[in-house]
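Engineer:
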Amino acid sequence: MLLMIDNYDSFTYNIVHYLEGLDYDVVVRTPDELTLEEISLLHPEAIIISPGPGHPLEAELCLAVVREFQGKYPLLGICLGFQVIVAAFGGQVVQGPPVHGHQVMMTHDGQGMFEGLKNPLAVGRYHSLRASVVPDCLTITASADDVIMAVRHRSLPIEAVQYHPESVLTDCGREQLANFLKRCSR
1 MLLMIDNYDS
11 FTYNIVHYLE
21 GLDYDVVVRT
31 PDELTLEEIS
41 LLHPEAIIIS
51 PGPGHPLEAE
61 LCLAVVREFQ
71 GKYPLLGICL
81 GFQVIVAAFG
91 GQVVQGPPVH
101 GHQVMMTHDG
111 QGMFEGLKNP
121 LAVGRYHSLR
131 ASVVPDCLTI
141 TASADDVIMA
151 VRHRSLPIEA
161 VQYHPESVLT
171 DCGREQLANF
181 LKRCSR
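Residue numbering for the sequence shown follows full-length UniProt numbering, beginning at 1 and increasing consecutively.
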């Protein structure tokens with residue numbers, strides 16, 4: 001079972017349907033429906049932090065989830081979830097130019113979520129914040145137009161993407177999610 005933390009985003013259930021299509025059960029909860037103790041009792045195979053509005057420093061439960069469960073469960077952050085993971089480890093997220101519904105060509109490292117995928121890869125961007133400083137424990141794994149588009153923890157099963165893998169503007173979104181889930185025990 002996967003836990004999806006839904007940060008009140010209209011894209012969340014598109015991601016859920018992709019995950020269910022990969023033969024996973026997905027429990028969806030909003031931050032106001034969850035506590036850290038409840039997450040522990042669920043024993044998820046992985047935790048996915050969804051896109052959503054606002055600044056990552058305002059996503060208090062999601063920040064606490066990263067800090068509490070790093071190393072206990074694989075973590076995947078998408079858009080706001082990416083920004084939360086960067087911020088939780090001490091990175092900086094700043095205002096950038098709004099890019100909503102833009103397709104860009106992204107270069108990646110061919111590992112983790114990107115294993116076996118074409119390079120560069122078309123991805124759909126929907127954000128106005130961006131990571132400006134990434135902490136040493138995270139490595140930059142993809143970029144587009146001088147914007148950090150993905151990171152991976154150097155030693156823990158944690159990955160995060162700034163773009164939306166479930167978007168029609170993104171190539172190989174299901175494959176990216178499947179690659180991440182390969183790191184999760186069944």
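Idealized CB from N, CA, C, for every residue including glycine. Quick caveat: nothing in here was measured; it's all calculated off a predicted structure.
Enumerate, from N- to C-terminal direction, the unbroken alpha helix (DSSP H) stretches of 4 or more residues contained entirely within the segment 89 to 175.
Structural biologist: You should have found no qualifying run.
Engineer: Rounded to whole angstroms, what's the CA-CA distance from His55 to Glu115? Just pull it up for me.
Structural biologist: Spanning the two alpha carbons is a distance of roughly 30 Å.
Engineer: Taking three-plus beta-carbon pairs below 8 Å as touching, is the segment 73 to 93 in contact with the segment 126 to 142?
Structural biologist: The segment 73 to 93, when compared against the segment 126 to 142, does touch it at the 8 Å Cβ threshold.
Engineer: Any idea which residues DSSP pairs Gly77 with across the strands?
Structural biologist: Bridge partners of Gly77: Ile49 and Ala160.
Engineer: Using the Cα positions of Arg29 and Tyr8, report the straight-line distance between them to the nearest angstrom.
Structural biologist: Using only the alpha carbons, I get a separation of about 10 Å.
Engineer: Locate the beta strand (DSSP E) running through residue 197, then write down its first and last residues.
Structural biologist: Residue 197 is absent from the model: the chain starts at 1 and stops at 186.
Engineer: If Met4 and Ile48 are in contact, beta carbons under 8 Å, what's the gap, nearest whole angstrom?
Structural biologist: 5 Å between Cβ atoms; contact.
Engineer: Exposed or buried, residue 199, counting other C-beta atoms within 10 Å across all chains shown (16 or more means buried)?
Structural biologist: The requested residue 199 is not part of the displayed model; the chain covers only 1 to 186.
Engineer: What are the residues that DSSP puts in a beta bridge with Ile5?
Structural biologist: According to DSSP, Ile5 bridges with Arg29 and Ile49.
Engineer: Alpha helix (DSSP H) containing Ser40: first to last residue?
Structural biologist: Residues Leu36 to Leu42.
Engineer: Name the residue from Gly77, Phe69, Ile78 and Asp146 whose alpha carbon lies nearest to the alpha carbon of Pro97.
Structural biologist: Checked all of Gly77, Phe69, Ile78 and Asp146; the closest Cα to Pro97 is Asp146.
Engineer: Is Gly54 helix, strand or coil by DSSP?
Structural biologist: DSSP places Gly54 in coil when its eight states are reduced to three.
Engineer: Determine the DSSP secondary structure at Leu177, reduced to helix, strand or coil.
Structural biologist: Note: Leu177 maps to helix in three-state DSSP.
Engineer: Could you check if Val151 belongs to the surroundings of the ligand COA, using beta carbon to heavy atom distance under 8 Å?
Structural biologist: As for the ligand COA, it is missing from this structure, which has no ligand bound.
Engineer: Evaluate the contact criterion for the segment 151 to 158 versus the segment 68 to 87: three or more CB pairs, one atom per stretch, below 8 Å.
Structural biologist: With the cut-off at 8 Å, the segment 151 to 158 and the segment 68 to 87 touch.
Engineer: Looking at Met1 and Pro31, is the spacing between their C-beta atoms short of 9 Å?
Structural biologist: For Pro31 and Met1, no; Cβs fall outside 9 Å.
Engineer: As a quick exercise: from Ala131, Leu36, Pro120 and Glu68, pick the residue whose alpha carbon is nearest that of Phe82.
Structural biologist: Comparing Cα-Cα distances from Phe82 to each of Ala131, Leu36, Pro120 and Glu68, the minimum goes to Ala131.
Engineer: Can you tell me whether His108 is buried or exposed? The criterion is at least 16 other CB atoms within 10 Å of its CB, across all chains shown.
Structural biologist: Per the 10 Å Cβ criterion, buried.
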